[in-house]
Amino acid sequence: MAYSLAVNLVFMRIKLLCLSLLFYILCPVIGKAQVIDSLAYRPKVSSFIIPAVLVGYGLVSLSCNSPIRHLDFSTRNELQEDHPLFAAHVDNYLQFAPAVAVYGLNLAGIKGKHSLVDATGIYLLSEAIMSGTVFSVKRMTNRERPDHSGFNSFPSGHTANAFAAAEFLMQEYKDVSPWYGYAGYTVATATGVLRMYNNKHWLSDVVTGAGVGIISTKLAYIIYPKLKKLVVGTKAQQYNLIPAYQNHTFGLAFNARL
C-alpha cells in the first residue's frame, strides 16, 4: 500500500508540474495588465445534492453486507466475464481532457467565464482539494482493488480528477454553450467506466470519485475569490503575471498595480 501511495503522490506532483509548465508557456499569450474580473460565485444548495448523493452511495458501500457492495461484486464479475482481456489505458490521459479543453478553447479565442490566470488558480485549488480528499480517504478505508493490486481502491482518483475537470469546463463555458459541459461530463463518465473495465475499481469507487470531483471544483469556485482577495487586496485594479527565472528555477512573477 505504501508503494501505491508513493506512486500516486509522485504522479500528482508530476501533474502539477506539467500544469505549471503549461501555465508558464501560456503567460506570454495571456498578456499583461489583465483587469480583475468578478469572481462572485453563489451556487444554489441544490447544486450540491447530486454529488452529495454520489458520495453517500459510496459510503454505504463500505458496509460489507450492504446491497450496494453486493452490486460492486456482481458488476465486476459481469465485466470480467464479458471482457476478460480488456486492457485500454486511455483513462490515464482522458481524465485531463476536460481541463485541457479549457486552455484549448481560450487559445482558440473562445473566452470562458474567467481570465486564464484566474481559471488556472481555480483549477489548481480544485485539484488540491480533490487530491487531498481522495488520498486521505484511500488511507482511511484501505479497500482492496478488484484486481488485488493494492489497498487504495476507494474512491477512484482518476474518476475524481475527471469529474473535477468536467465541472471546471462546465463552469467556465456554460454561459457560452451548455454542450461544452455535456461533453466534459461524457468524457468523465467514460473515464470512470474504463476504470471498471480495466478492473482497477469497483462501481462504488467510481461513483464516489465522481461526487468528490464535482464537490471539489464547486468548493474551489467559492474559496478562490476569498484567497485572491487576501493576496491581491480589494484596491488592486490590474496585475501582471510574468515568467521568471532565478537560482536555476523557473517560476512566475506576480505584481499588482494599485
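All residue numbers for the sequence shown refer to this note's numbering, where the first residue is 1165 and numbers rise by one.
We treat Cβ as the ideally placed atom computed from N, Cα and C, and that holds for glycine.
Bear in mind that the values here come from a model prediction, so they are computed numbers and not experimental data.
Please report the straight-line C-alpha distance between residue i and residue j, rounded to a whole angstrom.
i       : j       : result
Leu1223 : Lys1392 : 34 Å
Ile1386 : Leu1249 : 44 Å
Thr1355 : Asp1255 : 5 Å
Leu1358 : Ala1263 : 19 Å
Asn1306 : Val1340 : 42 Å
Ser1313 : Met1294 : 23 Å
Ile1194 : Leu1280 : Residue confidence for Ile1194 is low, a pLDDT of 35 falling below 50, so the modelled location carries little weight and cannot support an answer.
His1322 : Val1396 : 33 Å
Asn1241 : His1247 : 10 Å
Ile1214 : Ala1272 : 33 Å
Leu1226 : Asp1311 : 18 Å
Trp1366 : Phe1237 : 8 Å
Ala1216 : Tyr1267 : 29 Å
Glu1342 : Gly1276 : Rather than Glu, the amino acid found at residue 1342 in this sequence is Pro. About 12 Å.
Lys1390 : Ile1286 : 11 Å
Cys1228 : Met1304 : 16 Å
Ser1230 : Ile1274 : 47 Å
Leu1149 : Leu1288 : An answer regarding residue 1149 cannot be provided, because it is not within the stretch 1165 to 1422 covered by the chain.
Phe1212 : Val1301 : 20 Å
Tyr1257 : Ser1210 : 31 Å
Thr1239 : Lys1208 : 34 Å
Could you work out which residue in the options is closest to residue i when comparing CA atoms only?
i       : options                               : result
Ala1265 : Ala1326, Leu1367, Gly1377 and Trp1366 : Ala1326
Glu1291 : Gln1244, Glu1331 and Gly1273          : Glu1331
Gly1348 : Asn1363, Ala1329 and Trp1366          : Ala1329
His1278 : Leu1394, Tyr1388, Val1395 and Val1396 : Tyr1388
Ala1261 : Thr1350, Ala1384 and Leu1383          : Thr1350
Ala1384 : Gly1345, Thr1284 and Thr1323          : Thr1284
Gly1377 : Ala1352, His1365, Val1396 and Lys1390 : Ala1352
Arg1206 : Val1395, Lys1382 and Val1396          : Lys1382
Tyr1425 : Ser1238, Ala1252 and Ser1225          : The displayed coordinates of the chain run from 1165 to 1422. Any statement about residue 1425 would go beyond what the structure contains.
Phe1318 : Gly1345, Ile1213, Ser1238 and Tyr1221 : Tyr1221
Tyr1374 : Tyr1337, Thr1297 and Leu1269          : Note that residue 1374 is Ala in the sequence shown here, rather than Tyr. Taking only the C-alpha atoms, the option nearest Ala1374 is Thr1297.
Asn1270 : Leu1333, Ile1379, Tyr1346 and Leu1394 : Leu1333
Ala1324 : Val1209, Ser1380 and Thr1239          : Ser1380
Asp1282 : Gln1335, Tyr1344, Val1301 and Thr1239 : Gln1335
With distances taken between CB atoms, is the gap from residue i to residue j smaller than 8 Å?
i       : j       : result
Val1371 : Leu1218 : yes
Phe1299 : Glu1308 : no
Gln1259 : Asn1363 : no
Ser1368 : Ile1232 : yes
Tyr1346 : Tyr1337 : no
Tell me the DSSP secondary structure of residue i in three-state form.
i       : result
Glu1242 : helix
Lys1390 : helix
Trp1343 : helix
Lys1302 : helix
Lys1196 : At Lys1196, the pLDDT of 37 sits below 50, so the modelled position is not reliable and the matter cannot be decided from this model.
Lys1382 : helix
Ala1251 : coil
Ala1292 : helix
Phe1315 : coil
Pro1207 : coil
Gln1335 : helix
Closest Cβ-Cβ distance between residue i and chain D: below 8 Å?
i       : result
Arg1233 : Although the question refers to chain D, the structure presented lacks it and comprises just one protein chain.
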